[in-house]
């Protein structure tokens with residue numbers, strides 16, 4: 037069987053956790069930051085877990101990661 041291609045867009049956005057799930061960065065942190073409060077930006081900083089319902093789709097997109 038041929039190798040499966042990794043979805044490069046997903047590979048740049050998601051990392052696999054040791055438990056088998058995925059982590060992702062929060063959105064709304066790229067630009068127009070001056071109007072956002074420091075508290076709001078601080079809470080957007082940590083990585084989030086991807087919902088369990090989306091893990092199967094990411095498993096298909098990222099077969100070797």
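In my numbering, the protein residues as written are 37 to 101.
Positions of the beta carbon are idealized from the N, C-alpha and C atoms, including for glycine.
Remember, it's a predicted structure, so these values are computed and weren't measured experimentally.
Under DSSP, the beta strand (DSSP E) around residue i begins and ends at which residues?
i: residue 52; result: 50-52
i: residue 77; result: Careful: residue 77 lies outside any beta strand (DSSP E), inside the alpha helix (DSSP H) at 74-79.
i: residue 59; result: 58-60
Residue i: buried (16+ other C-beta within 10 angstroms of its C-beta) or exposed?
i: residue 83; result: exposed
Along the chain, where does the alpha helix (DSSP H) that runs through residue i open and close?
i: residue 96; result: 88-97
If you check the beta carbons only, do residue i and residue j fall under 7 angstroms apart?
i: residue 53; j: residue 101; result: no
i: residue 60; j: residue 50; result: yes
i: residue 57; j: residue 85; result: yes
In the DSSP assignment, what residue or residues form a beta bridge with residue i?
i: residue 85; result: 59
Is the region 71-79 touching the region 37-48, taking contact as three or more C-beta pairs under 8 angstroms?
Using a C-beta cut-off of 8 angstroms, the region 71-79 makes no contact with the region 37-48, since fewer than three inter-stretch Cβ pairs fall below that distance.
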